[in-house]
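Undergrad: Structure incoming, see below.
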Amino acid sequence: MRALILAGGTGTRFWPLSRRQRPKQLLELEGDRSLLRRTRDRILPLVEPEGIWVVTTRLLADSVRRELPEVPSSQVLAEPEGRNTAPAIAWAVASMPPDVRNEAVIVLPADHRVEEPEAFRRGVAVAVEEAERKDRVLTLGITPRRPDTGYGYLELGELVDRGRNVVAVERFTEKPDVETAERFVRSGRYLWNAGIFVFRGETLLRLVDEHLPGLARGLRSLEESPDRLEELYRRLPRVSIDYGIMEQLDSIATVPLECGWSDLGTWEALAEVLEGSPGQGASRGETVTVDSRGNLLWAERGTVAVLGVENLVVVHAGDATLVVPRNRSQEVRRIVSELEREGRTDLL
Numbered sequence: 268m269r270a271l272i273l274a275g276g277t278g279t280r281f282w283p284l285s286r287r288q289r290p291k292q293l294l295e296l297e298g299d300r301s302l303l304r305r306t307r308d309r310i311l312p313l314v315e316p317e318g319i320w321v322v323t324t325r326l327l328a329d330s331v332r333r334e335l336p337e338v339p340s341s342q343v344l345a346e347p348e349g350r351n352t353a354p355a356i357a358w359a360v361a362s363m364p365p366d367v368r369n370e371a372v373i374v375l376p377a378d379h380r381v382e383e384p385e386a387f388r389r390g391v392a393v394a395v396e397e398a399e400r401k402d403r404v405l406t407l408g409i410t411p412r413r414p415d416t417g418y419g420y421l422e423l424g425e426l427v428d429r430g431r432n433v434v435a436v437e438r439f440t441e442k443p444d445v446e447t448a449e450r451f452v453r454s455g456r457y458l459w460n461a462g463i464f465v466f467r468g469e470t471l472l473r474l475v476d477e478h479l480p481g482l483a484r485g486l487r488s489l490e491e492s493p494d495r496l497e498e499l500y501r502r503l504p505r506v507s508i509d510y511g512i513m514e515q516l517d518s519i520a521t522v523p524l525e526c527g528w529s530d531l532g533t534w535e536a537l538a539e540v541l542e543g544s545p546g547q548g549a550s551r552g553e554t555v556t557v558d559s560r561g562n563l564l565w566a567e568r569g570t571v572a573v574l575g576v577e578n579l580v581v582v583h584a585g586d587a588t589l590v591v592p593r594n595r596s597q598e599v600r601r602i603v604s605e606l607e608r609e610g611r612t613d614l615l
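Sequential numbering of the sequence shown, starting at 268, is according to my numbering.
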């Protein structure tokens with residue numbers, strides 16, 4: 268199998284620690300390895316470094332190559348401009364040698380967390396075998412631990428392979444409201460959509476031809492005129508792989524995973540990972556806590572001190588400090604948007 272890691276995200280919800288030149292996937296949020304390197308390590312028992320491709324941005328390409336020196340430099344692909352996941356994935360697959368495109372490819376984000384990597388690999392191995400034997404497209408789903416409005420959901424259909432727990436996907440549902448998420452989880456018929464896909468490379472390109480003809484034409488233009496990458500890539504349609512292809516398929520399957528997965532989408536999600544027990548709080552760096560509980564304190568340098576407060580995120584990183592209630596950490600990107608509006612590129 269081959270692996271395609273998507274590493275072009277900006278990680279705005281982890282501002283001020285995450286910046287344009289050092290986004291979330293390059294951060295060491297746990298221990299001494301970045302999320303990108305943990306992603307690579309997680310799949311290494313299944314994929315040799317020579318079988319890994321990475322899609323990132325031009326701004327980050329050199330940093331990614333330094334972070335993953337074992338991956339051939341030519342297989343770190345730099346988009347001239349972000350055009351969402353469908354162009355990124357299709358362009359990367361089309362850039363692989365023809366013989367490689369006949370093999371199974373797993374596509375996975377660079378910035379997720381998996382607590383039980385062995386369980387993750389077992390699920391991936393099942394999906395890869397299913398993709399190769401039956402030329403099937405699969406998406407890996409996560410057994411939900413709670414109603415969560417931050418994830419998309421997969422509605423489960425009939426068992427495709429009882430012995431290996433491969434299940435048909437009836438429908439994709441984008442991030443639901445609270446009541447809908449609660450109903451989904453109670454039913455036991457839904458999984459979180461992890462955004463991890465497995466397919467044969469040639470199958471993916473055939474589906475692009477069928478469902479995204481404009482993207483297919485753009486890829487052919489890039490193949491004919493690779494020297495015009497800067498110009499032609501910016502003309503590719505901006506569309507997600509979920510909306511553009513996966514949601515259009517009549518036959519797509521999933522392998523349910525229970526592996527301690529999290530997309531680590533917010534400071535709140537990281538707090539839940541780092542704290543010893545719910546509500547206890549957590550800290551990194553030099554911090555002082557007096558008469559306070561349930562806070563996430565992060566001091567990249569200097570000292571963060573709090574007194575008489577609860578359930579806050581307080582982060583001092585670089586030249587900026589963030590203070591936000593834990594339950595509103597999903598909104599940190601609003602601060603980034605305001606900084607962009609004010610032209611404060613020095614803080615981005």
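Just so you know, even glycine gets a beta-carbon here, dropped at the ideal spot from N, CA and C.
In this text, all values refer to a predicted model and were calculated from it rather than measured experimentally.
(1) Rounded to a whole number of angstroms, what is the C-alpha to C-alpha distance between residue 536 and residue 412?
(2) With a Cβ-Cβ cutoff of 9 Å, do residue 313 and residue 391 count as a contact?
(3) Does the beta-carbon of residue 475 have 16 or more other beta-carbons within 10 angstroms, so that it is buried, or is it exposed?
(4) Quick one: residues in its chain with C-beta nearer than 6 Å to the C-beta of residue 423, no 5 flanking neighbours on either side, listed in chain order?
(5) In chain order, what residues of the same chain lie with their CB nearer than 6 Å to the CB of residue 587, ignoring the 5 residues before and after it?
(6) If we count the other Cβ atoms within 10 Å of its Cβ and call it buried at 16 or more, is residue 555 buried or exposed?
(7) At the level of alpha carbons, what is the spacing between residue 419 and residue 501?
(8) Could you tell me which residues DSSP pairs with residue 460 in its beta bridges?
(9) Apart from the five residues on each side of it in sequence, which residues of its chain come closer than 6 Å, Cβ to Cβ, to residue 541?
(10) For residue 445 versus residue 416, is the C-beta distance shorter than 9 Å?
(11) In or out: residue 490 buried (at least 16 other Cβ within 10 Å) or exposed?
(12) Using alpha carbons as the reference points, say which of 315, 309, 320, 325 lies closest to residue 356.
(13) Tell me whether residue 426 is buried or exposed, calling it buried when 16 or more other Cβ atoms sit within 10 Å of its Cβ.
(14) Identify, in the order they occur along the chain, each residue of the same chain with its Cβ nearer than 7 Å to the Cβ of residue 470, setting aside the five sequence neighbours on each side.
(15) Enumerated in chain order, which unbroken segments of the alpha helix (DSSP H) with a length of 4 residues or greater are wholly contained in the segment 479 to 519?
(16) Quick one: what does DSSP say residue 552 is sitting in, helix, strand or coil?
(17) Relative to the alpha-carbon of residue 585, which residue among 523, 602, 567, 452 has its alpha-carbon at the smallest distance?
(18) Could you compute how far the alpha carbon of residue 348 sits from the alpha carbon of residue 324?
(19) Starting from residue 537 and walking both ways along the alpha helix (DSSP H), at which residues does that stretch end?
(20) Assign residue 388 to one of three DSSP states: helix, strand, or coil.
(21) Looking at residue 308: is its Cβ nearer than 9 Å to the Cβ of residue 384?
(22) Comparing C-alpha positions only, which one of 315, 519, 352, 295 sits nearest to residue 322?
TA: This is what the structure holds:
(1) Here residue 536 corresponds to residue number 269 of the sequence shown, with the count starting at 1. Here residue 412 corresponds to residue number 145 of the sequence shown, with the count starting at 1. Cα-Cα distance, rounded: 13 Å.
(2) Position 46 of the sequence shown, counted from the start, is the residue given in the question as residue 313. Position 124 of the sequence shown, counted from the start, is the residue given in the question as residue 391. Yes, the pair counts as a contact, with Cβ atoms nearer than the cut-off.
(3) What you label residue 475 is simply residue 208 of the sequence shown in a count that begins at 1. Burial call: buried.
(4) Within the sequence shown, the letter at position 156 stands for residue 423. Correct list, in chain order: 434, 456.
(5) In the sequence shown, the residue the question calls residue 587 occupies position 320. So the list reads 283, 614, once near-sequence residues are dropped.
(6) For the purposes of this step, residue 555 is taken as residue 288 along the sequence shown, with counting starting at 1. Residue 555 should be labelled exposed.
(7) What you label residue 419 is simply residue 152 of the sequence shown in a count that begins at 1. What you label residue 501 is simply residue 234 of the sequence shown in a count that begins at 1. The straight-line gap from Cα to Cα measures roughly 28 Å.
(8) Start at 1 with the first residue of the sequence shown, and residue 460 comes out as number 193. For residue 460, which the question treats as bridged, DSSP gives the partners 408.
(9) The residue you call residue 541 lines up with position 274 of the sequence shown. A distance below 6 Å between beta-carbons, with the five flanking residues on each side excluded, links residue 541 to the following residues of its chain, in chain order: 549.
(10) Taking the sequence shown and counting its residues from 1, one reaches residue 445 at position 178. Taking the sequence shown and counting its residues from 1, one reaches residue 416 at position 149. It is a contact, given that the beta carbons lie within the stated cut-off.
(11) In the sequence shown, counting from the first residue as 1, residue 490 sits at position 223. With fewer than 16 other Cβ atoms within 10 Å, it is exposed.
(12) The residue labelled residue 356 in the question sits at position 89 within the sequence shown. It is 320 whose Cα lies nearest to the Cα of residue 356.
(13) As a first step, residue 426 must be located in the sequence shown, where it is residue number 159. So residue 426 ends up on the exposed side.
(14) What you label residue 470 is simply residue 203 of the sequence shown in a count that begins at 1. For residue 470, where only same-chain residues beyond five positions count, the Cβ hits under 7 Å are 402, 404.
(15) 480 to 491, 496 to 500, 508 to 511
(16) Taking the sequence shown and counting its residues from 1, one reaches residue 552 at position 285. In the three-state scheme derived from DSSP, where H, G and I count as helix and E and B as strand, residue 552 is classed as strand.
(17) Position 318 of the sequence shown, counted from the start, is the residue given in the question as residue 585. Out of 523, 602, 567, 452, 567 has the C-alpha closest to the C-alpha of residue 585.
(18) Within the sequence shown, residue 348 is the residue found at index 81, counting from 1. Within the sequence shown, residue 324 is the residue found at index 57, counting from 1. When rounded, the distance between both Cα atoms is 7 Å.
(19) Position 270 of the sequence shown, counted from the first residue, corresponds to residue 537. According to the DSSP assignment, residue 537 belongs to the alpha helix (DSSP H) that extends over 534 to 541.
(20) Residue numbering aside, residue 388 sits at position 121 when the sequence shown is read from its first letter. Assignment of residue 388 by DSSP, reduced to helix, strand and coil, places it in the helix class.
(21) The residue you call residue 308 lines up with position 41 of the sequence shown. The residue you call residue 384 lines up with position 117 of the sequence shown. Contact flag set, yes.
(22) Mapped onto the sequence shown, residue 322 falls at position 55. Nearest option by C-alpha distance: 352.
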